[in-house]
Every structure is written in C-alpha cells, then in structure tokens.
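Read in order, the letters of the sequence shown are residues 720 to 869 in this note's numbering. C-beta atoms are modelled at their ideal positions from N, C-alpha and C, and glycine is treated no differently. Below: the structure, in structure tokens.
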Amino acid sequence: MHDAIRKRKFNNLRALAPEHAALLARYLDRRPEQFDVFVPVSSHPRRLRSRGFNQAELLASELSKIIESSMDSRLVIRAVNSPSQLQANSRDECWDNGQGDFKSVVSAKSLRILLVDDLETRDATMSACATALKDSGASSVAGIAVARTP
720 MHDAIRKRKF
730 NNLRALAPEH
740 AALLARYLDR
750 RPEQFDVFVP
760 VSSHPRRLRS
770 RGFNQAELLA
780 SELSKIIESS
790 MDSRLVIRAV
800 NSPSQLQANS
810 RDECWDNGQG
820 DFKSVVSAKS
830 LRILLVDDLE
840 TRDATMSACA
850 TALKDSGASS
860 VAGIAVARTP
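Below, the structure written as structure tokens:
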C-alpha cells in the first residue's frame, strides 16, 4: 500500500484515488461518527505546482462522492513550505517541521471535520491541521489516511 501511495503521489498516478477512497469509505461505514465536511490536508502552493495536484484533495473529493458528503479544501491551508515528513529522521523532527505550518482562513465554527490524507507519517501533519481547525471553531476534528508509515 505504501508503494502504491508513493507512486500516486510522486509519479502523477491519479487513477488510484477512487480505489483508495473506496477503502476509506468501507472503513468509515463501520464507524458511528458523523462528519459535516471532509477536509483534505493542504499542500503548499509551491509543492502543488511541482506535483500538479494535491493527492489528499483527490482522495477527499472521491470519498465525498462515495459517502455523499461535502468536501472543502479551503478550511485549512499550508502556509509554510516545510520539508516532506518522509525526509524527517525522527518523530521530534516531524513535529518540529509541521507545527505552525497550517492556517484556517475560513471559519470552521461548529463543524465536525474529518481530515483526509493519503499517508500518515508520524501524526504531526494531522495534529497541526487539527489545531488550526479547532482554533477556527471546529467542534471536532478526526483524521483518516489510507496508510501509515512504519
């Protein structure tokens, strides 16, 4: 799974997004939590330009179609172009890289949010996004990813 995600992310292989979203939908179908909106983990504009797409946004969009829910990529943005978490050598380095990188520019007041990402490295990115969304008024924030690095 990890290799498939890396190929999709770094080789412009977008075709796997619906398949990965279907996996997430099956998992969510067994969970009692309800969400108002799916929010993809944001890519910095510079990284988005070089890659051509945001893999988390593709996943969140496909997931919202399957579950018939809304998706909003404007609720949290990556304000700092920090190094990829895959390049971090330790958990502490991951946490240092990601903290303060995300900002909420649209009110999330009272929303129950599900953050969507393709690969969870060490929880730092999800945590930083969740902090920004809670600071913007979200009533709850949970996260889901297709895979997690060992």
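Through-space distance from residue j to residue i, alpha-carbon basis
i, j, result
"valine 795", "leucine 742", "24 Å"
"serine 855", "serine 783", "22 Å"
"asparagine 773", "aspartate 791", "13 Å"
"isoleucine 832", "histidine 739", "19 Å"
"tryptophan 814", "alanine 736", "Reliability fails at tryptophan 814, whose pLDDT of 47 lies under 50, so the model's placement of it is uncertain and the value that follows must be treated cautiously. Approximately 27 Å between the Cα atoms of the pair."
"alanine 734", "alanine 775", "13 Å"
"arginine 797", "glutamate 752", "26 Å"
"proline 764", "alanine 843", "20 Å"
"alanine 866", "methionine 845", "13 Å"
"arginine 768", "leucine 777", "15 Å"
Candidates the options: closest to residue i by CA position
i, options, result
"leucine 747", "Ala779, Asn773, Asp791 and Thr868", "Ala779"
"glutamate 781", "Pro764, Ser769 and Arg745", "Arg745"
"arginine 749", "Arg770, Gly771 and Ile786", "Ile786"
C-beta contact flag for residue i and residue j at 8 Å
i, j, result
"leucine 834", "threonine 868", "no"
"leucine 830", "serine 788", "no"
"alanine 851", "lysine 828", "no"
Distance between beta carbons of residue j and residue i, contact taken as under 8 Å
i, j, result
"cysteine 848", "valine 760", "6 Å"
"alanine 864", "aspartate 820", "With a Cβ gap of about 17 Å, alanine 864 and aspartate 820 do not count as contacting."
Residue i beta carbon near the ligand NAD (any heavy atom closer than 7 Å)
i, result
"serine 859", "Within the structure as shown, the ligand NAD is missing, as the structure has no ligands at all."
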